[in-house]
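Take a look at the structure set out below.
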Amino acid sequence: MKTEIIDYLIIGSGVAGLRAAIELAPFGDVLVATKDMPTESSTEYAQGGIAVALSDEDEVGIHYDDTLRAGDGLCREKAVKILVEEGTERIRELISWGAEFDKAGTKLDFTIEAAHSRRRILHAHGDSTGKELERVLLNKVRSFPSVKKYSFAFTVDLIVGEGRCYGAYVLKDRKIIAVLAKATVLCTGGAGQIFLRTTNPLVATGDGIAIALRSGALLEDMEFVQFHPTSLYSPYAPQFLLSEAMRGEGAILRNINKEPFMKNYHKDAELASRDVVSRAIISEMVRTQSNHVYLDMTHLEKNFVQKRFPKIYSTCLQYNLDLTDTLIPVSPAAHYIMGGVKTDNNGATSIKGLYAAGEVACTGVHGANRLASNSLLEGLVYGARAGKAALEFGVRSSKSGIPEVTGEYIPTYHSIPEHDEIRRTLRKLMWERVGIIRCRESLDDAIRSLSEWSFILDKAFFTRRELELKNMLTVAIIITESASLRKGSVGAHYRSDFKEKGENWQKHIMCEKEDNAIRCNIE
Ligand code: SIN
143 MKTEIIDYLI IGSGVAGLRA AIELAPFGDV LVATKDMPTE SSTEYAQGGI AVALSDEDEV
203 GIHYDDTLRA GDGLCREKAV KILVEEGTER IRELISWGAE FDKAGTKLDF TIEAAHSRRR
263 ILHAHGDSTG KELERVLLNK VRSFPSVKKY SFAFTVDLIV GEGRCYGAYV LKDRKIIAVL
323 AKATVLCTGG AGQIFLRTTN PLVATGDGIA IALRSGALLE DMEFVQFHPT SLYSPYAPQF
383 LLSEAMRGEG AILRNINKEP FMKNYHKDAE LASRDVVSRA IISEMVRTQS NHVYLDMTHL
443 EKNFVQKRFP KIYSTCLQYN LDLTDTLIPV SPAAHYIMGG VKTDNNGATS IKGLYAAGEV
503 ACTGVHGANR LASNSLLEGL VYGARAGKAA LEFGVRSSKS GIPEVTGEYI PTYHSIPEHD
563 EIRRTLRKLM WERVGIIRCR ESLDDAIRSL SEWSFILDKA FFTRRELELK NMLTVAIIIT
623 ESASLRKGSV GAHYRSDFKE KGENWQKHIM CEKEDNAIRC NIE
């Protein structure tokens, strides 16, 4: 098997991965491996913005309180403190590297989204904030000759021996390479693609979560999946996100009879938390027997809408939907997973030499429900921290101390001709049975159906689609098992059979692999 030895391996090229690379690049050779183009990540598609307490009317303490409130009692307070405090430094640094956030006159322009008590969300080019972050971070990374990028390089599994990670097996150009590294940083993003309706790009198949579990890492809080209330609903259009910032700027939700309804559900109406708005939309859809509601911006000034949301405006126009004179059909979609690979405040996982940051990780900053626009900030803050911690670990190790990889990782490869059909069925099952509203019966049903495909879990595959399916199935099982264990409704996890928080609600659910089975426990 071809082997490469480097100092640091970063898996994933979104905000967290690139920020970690910048931290490591001056001190060693870094490989950023990504399964698609480097720009193909959730970061690139992030619209609304990045939350940071930098406006004159704001304070880090208020950002901290809002984050804890959204997290519904399950945030780790220290992790949130780090996020809001270091977040201001990370944004100033990003601006010094050339990030151009939108301005009102000479000052930064801040918008508002659900559950924020202040206008604190920076945005770029109106609604293309993630693209601007990715541009600046990629440029910065390019300035370091020590960083090499592998595109279309799929990480199959981590190389772990005696509780220590030494890199990963990567599928590239139809060959498996062993990439050996002193430290590895996992930044592979989320898993929205396991749900039929999602705002996430096609790459979000939960790969990092699944490979970490397979190598023995501890996962935490996987039942907490955030559903975004407004994704474009049309048989002729992709499931495109309609940013919450639109409601922040005054957009109204109407049912199919064109009646506004959010005030009937919550005093904060359109700006209630995402779980509340998503469930309200589902209730209205059931009540009016429709598969969508509408987002209405027609009362807002045409020029403002076109200028403030240029990407959303032009995308909707491609499908003959003009935001300024038409009600836009929307429905909720899976958006963000709060749980993930458990880390400490420096991105360290339960496996030595393995760090994680961004959506793949569970730092505890989001608790049971993420405050809108906190995730890009988390990627910057915890990407930098994970990079720093990987460096500290790396300087204590040497490349010559990495054990040789023998030919043992040459398994028998399998193929599942019906893998696309299984993927479709799995996504539908997860959406219908483990989606916005869950109950004992729906979860039992999902566990039964998912277990019919368990033969996939211990097989080795040689194509990206099949490897993704195996990872999607792994993550689907963990989410369902965790949702089944949490007999109560907290944050984004809602059980129609346990509407209250229930006993032990402040405990966390941990999952790990034990004797080839996945075990989840409340701790
Ligand atoms: C949005 O623009 O609505 C998404 C922002 C986020 O999820 O943080």
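Here the sequence shown is numbered in the numbering used here, starting from 143 and rising by one per residue.
The beta carbon of each residue, even a glycine, is placed where N, CA and C say it ideally should be.
Query - Cβ contact check for the region 319-334 and the region 459-473: 3 or more pairs under 8 angstroms - result: As far as the Cβ criterion goes, the region 319-334 does not touch the region 459-473, which means the pair count is below three.
Report task. Compare the Cα-Cα distances from R389 to each of V502, P377, V419, Y311 and report the closest residue. Result -> Nearest option by C-alpha distance: V419.
Query raised in the report: Counting Cβ pairs closer than 8 angstroms, one from the region 409-427 and one from the region 634-643, do we hit at least three?
Result: The way I'd put it, the region 409-427 does touch the region 634-643; three or more beta-carbon pairs between them come closer than 8 angstroms.
Requested in this report: Run the CB neighbour count on K612, radius 10 Å, all protein chains shown included, and call it buried at 16 or more, exposed below.
Outcome: The Cβ neighbour count for K612, taken over all protein chains shown within 10 Å, is at least 16; the residue is labelled buried.
**Report entry** Distance between G495 and L216 (C-alpha atoms, nearest Å)
**Finding:** Here the C-alpha atom of L216 lies approximately 27 angstroms from the C-alpha atom of G495.
Requested in this report: Quick one: give me the first and last residue of the alpha helix (DSSP H) that E654 is part of.
Outcome: Going by DSSP, E654 is part of no alpha helix (DSSP H) but of the beta strand (DSSP E) stretching over 651-656.
Requested in this report: Go ahead and pull the three-state DSSP assignment for Y461.
Outcome: When DSSP states are grouped into helix, strand and coil, Y461 belongs to the coil group.
Query raised in the report: Which residues bound the alpha helix (DSSP H) around Y150?
Result: Segment 144-153 is the beta strand (DSSP E) holding Y150; no alpha helix (DSSP H) there.
Requested in this report: Report the partner residues of C504 according to the DSSP bridge assignment.
Outcome: The partner list for C504 (beta bridge, DSSP) reads K484.
**Report entry** Segment contact flag, the region 224-233 with the region 194-209, C-beta cutoff 8 angstroms, min 3 pairs
**Finding:** They touch, by the three-pair rule.
Query - Simplified DSSP assignment, three categories, for N613 - result: Correct three-state label for N613: helix.
Query raised in the report: Quick one: is the Cβ of A387 within less than 7 angstroms of any heavy atom of the ligand SIN?
Result: A387: yes, Cβ under 7 angstroms from the ligand SIN.
Query raised in the report: Which residues share a DSSP beta bridge with S373?
Result: Paired residues: L383, S473.
**Report entry** Cβ neighbour criterion (16 or more within 10 Å) applied to V222
**Finding:** The residue in question, V222, is buried, as its Cβ has 16 or more Cβ neighbours within 10 Å.
Query raised in the report: Could you give the C-beta distance for V523 and I224, rounded to a whole number, given that I count them as a contact under 8 angstroms?
Result: In this structure V523 is in contact with I224, their Cβ atoms being roughly 7 angstroms apart against a cut-off of 8 angstroms.
**Report entry** Alpha-carbon spacing of M264 relative to K249, whole angstroms
**Finding:** The question names Met, but residue 264 is Leu in the sequence shown. Rounded to the nearest angstrom, the gap between the Cα atoms of L264 and K249 is 11 angstroms.
Query raised in the report: Where does P168 sit, in a helix, a strand or coil, going by DSSP?
Result: Reduced to three states, the DSSP call for P168 is helix.
Query raised in the report: Any heavy atom of the ligand SIN closer than 7 angstroms to the CB of L225?
Result: No, the Cβ of L225 stays beyond 7 angstroms of every heavy atom of the ligand SIN.
Requested in this report: Going by CA-CA distance only, name the one from R211, G154, G358, R261 that's closest to R690.
Outcome: Lying outside 143 to 665, the shown extent of the chain, residue 690 is not represented and no answer is given.
Query raised in the report: Less than 7 angstroms between the CB of S515 and some heavy atom of the ligand SIN, yes or no?
Result: It does: the Cβ of S515 is within 7 angstroms (strictly closer) of some heavy atom of the ligand SIN.
Requested in this report: Would you give the residue range spanned by the alpha helix (DSSP H) that V226 belongs to?
Outcome: It spans 219-238 - the alpha helix (DSSP H) in which V226 sits, taken as one unbroken run.
Requested in this report: Output the distance between the C-alpha atoms of R261 and T253, rounded to the nearest integer angstrom.
Outcome: Distance between the alpha carbons of R261 and T253 is about 5 angstroms.
Query raised in the report: Any contact of the region 585-599 with the region 441-453, i.e. 3+ C-beta pairs under 8 angstroms?
Result: These segments do not touch.
Query raised in the report: Taking DSSP as the reference, what is the three-state secondary structure of V418?
Result: Helix, per DSSP.
Query raised in the report: Heavy atom of the ligand SIN less than 7 angstroms from the Cβ of H370, yes or no?
Result: Distances from the CB of H370 to the heavy atoms of the ligand SIN include at least one below 7 angstroms.
**Report entry** Where K400 falls: helix, strand or coil (DSSP)
**Finding:** Secondary structure at K400: coil, using DSSP grouped into helix, strand and coil.
Requested in this report: With hydrogens ignored, establish whether the beta-carbon of G190 is closer than 7 angstroms to any heavy atom of the ligand SIN.
Outcome: With a cutoff of 7 angstroms, G190 counts as near the ligand SIN, since its C-beta is closer than that to a heavy atom of the ligand.
Query raised in the report: Which two residues bound the contiguous alpha helix (DSSP H) that contains L355?
Result: Taken as a continuous stretch (DSSP letters only), the alpha helix (DSSP H) holding L355 covers 349-356.
Report task. State the Cα-Cα distance for the pair D586 and A333, rounded to the nearest angstrom. Result -> Just so you know, the alpha carbons of D586 and A333 end up roughly 21 angstroms apart.
Query raised in the report: Which residues mark the beginning and the end of the beta strand (DSSP E) in which L496 is found?
Result: Taken as a continuous stretch (DSSP letters only), the beta strand (DSSP E) holding L496 covers 496-498.
**Report entry** As assigned by DSSP and simplified to three states, the class of D666
**Finding:** The first residue shown for the chain is 143 and the last is 665, placing residue 666 beyond what the model contains.
Query raised in the report: In chain order, what residues of the same chain lie with their CB nearer than 7 angstroms to the CB of L384, ignoring the 5 residues before and after it?
Result: Excluding sequence neighbours, L384 sits near T372, S373, L374, L437, I454, I470, V472.
Requested in this report: Note down the Cα distance separating A393 from T430, rounded to an integer number of angstroms.
Outcome: Each residue's alpha carbon lies about 21 angstroms from the other.
Report task. Compute the minimum distance between the beta carbon of L442 and the heavy atoms of the ligand SIN, and state whether it is under 7 angstroms. Result -> Checking the Cβ of L442 against the ligand SIN gives no.
Query raised in the report: Between the region 170-189 and the region 147-160, do three or more beta carbon pairs fall short of 8 angstroms?
Result: Contact holds: three or more Cβ-Cβ distances are below 8 angstroms.
Query raised in the report: Looking only at C-alpha atoms, which of L166, A241, D639 sits nearest to A531?
Result: The residue from L166, A241, D639 with its alpha-carbon nearest to that of A531 is L166.
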